[in-house]
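Okay, so here's the structure we're looking at.
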Amino acid sequence: MSEPTLKSSAVITFLLFFSALLIGWIGAAHHPDIGNQLMQLFEKEVAGQVMGGSPLETGSKIFINNFEASLLLFLGGASFGILTIFIMSLNGIVIGAIMELVMREHSPAFVAAAILPHGIFEIPGFILAGAMGMLFSQALVSEYYGSGDAAGESARLAWLFVLFVVPLIAVAAIVEAFITPHIIQMVV
Numbered sequence: 004m005s006e007p008t009l010k011s012s013a014v015i016t017f018l019l020f021f022s023a024l025l026i027g028w029i030g031a032a033h034h035p036d037i038g039n040q041l042m043q044l045f046e047k048e049v050a051g052q053v054m055g056g057s058p059l060e061t062g063s064k065i066f067i068n069n070f071e072a073s074l075l076l077f078l079g080g081a082s083f084g085i086l087t088i089f090i091m092s093l094n095g096i097v098i099g100a101i102m103e104l105v106m107r108e109h110s111p112a113f114v115a116a117a118i119l120p121h122g123i124f125e126i127p128g129f130i131l132a133g134a135m136g137m138l139f140s141q142a143l144v145s146e147y148y149g150s151g152d153a154a155g156e157s158a159r160l161a162w163l164f165v166l167f168v169v170p171l172i173a174v175a176a177i178v179e180a181f182i183t184p185h186i187i188q189m190v191v
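This note's numbering puts the last residue of the sequence shown at 191; the count rises by one with no breaks.
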């Protein structure tokens, strides 16, 4: 059995996220009441916590929220990947449902303007954090069977997290707070 790489884990994590996004989208289309509940939950627990205030304050809150989510995706590997898979799937389902609901009232250009500017940084950051969580899980399993070094692998992955995930979510937070609102205004 070959060792999984960050690239192969990222591909698997992306497929999981995209599949969950489609499930959320289709689910909200067929059961709008569930989609509306997810939207209310998102507005209360996420948007309500980070939006408001100056762009600097909003960007800081977005960064902290996304850092915590990314860290949970990575450290979720300690649960043998169960927490990582759950969080990645839940995020995909919620985002898919919200996208479907927003598309009912706005154009595809509006949805793209609201997601793409910061999403091109944020989603890869989450995908990488999830992939690192899966690799962490694999390292634990390998060590259990006597063929790995989970501590060494987790240290290597933590370094990659700092080098790649943290900058991606930092740029995403800056773009989401300072640039995305202006792009949305151009489309509205």
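No residue lacks a Cβ here, since even glycine has one placed at the ideal position from N, Cα and C.
Residue i - DSSP class collapsed to helix/strand/coil
i, result
"His185", "helix"
"Ser110", "coil"
"Tyr148", "coil"
"Val178", "helix"
"Pro7", "coil"
"His121", "helix"
"Val165", "helix"
"His33", "helix"
"Ser57", "coil"
"Val191", "coil"
"Phe83", "coil"
Spatial neighbours of residue i in its chain, beta-carbon cut-off 6 Å, leaving aside the 5 residues before and after
i, result
"Leu86", "Gly79"
"Gly62", "Ala176, Ile177, Ala180"
"Met4", "The pLDDT assigned to Met4 is 40, lower than 50, so where the model puts this residue is not dependable; a value taken from the coordinates is nonetheless given after this. Cβ neighbours of Met4 beyond the five flanking positions: none."
"Pro58", "Ala180, Phe181"
Own chain, CB closer than 7 Å to residue i, minus 5 neighbours either side, in chain order
i, result
"His161", "In the sequence as displayed, the identity of residue 161 is Ala instead of His. Taken in chain order, the list of residues that qualify is empty."
"Gly84", "Gly136, Met137, Ser140"
"Glu103", "Trp28, Ala31, Ala32, Gly38"
"Lys10", "none"
"Gly151", "Ala142, Ser145"
Neighbour-count burial assignment, residue i, 16 or more Cβ in a 10 Å radius
i, result
"Leu25", "exposed"
"Gly149", "exposed"
"His121", "buried"
"Ile194", "Because the chain in this structure spans residues 4 to 191, residue 194 falls outside the shown range and cannot be described."
"Glu71", "exposed"
"Val97", "buried"
"Thr183", "buried"
"Glu108", "exposed"
"Ser12", "buried"
"Glu125", "buried"
"Glu60", "exposed"
"Leu76", "buried"
"Ser110", "exposed"
Test item: CB-CB of residue i and residue j under 8 Å
i, j, result
"Gly133", "Gly27", "no"
"Ala117", "Ile187", "yes"
"Ile172", "Asn39", "no"
"Leu19", "Met106", "no"
"Val190", "Phe129", "no"
"Val168", "Leu119", "no"
"Gly95", "Ala158", "no"
"Ile88", "Phe45", "no"
Check: residue i C-beta below 7 Å from any heavy atom of the ligand HEM
i, result
"Gly151", "Questions concerning the ligand HEM fall outside what the structure shown contains, since it holds no ligand whatsoever."
Cβ neighbours of residue i in the same chain (closer than 8 Å, five flanking residues each side left out)
i, result
"Ile65", "Val53, Ala175, Ala176, Glu179, Ala180"
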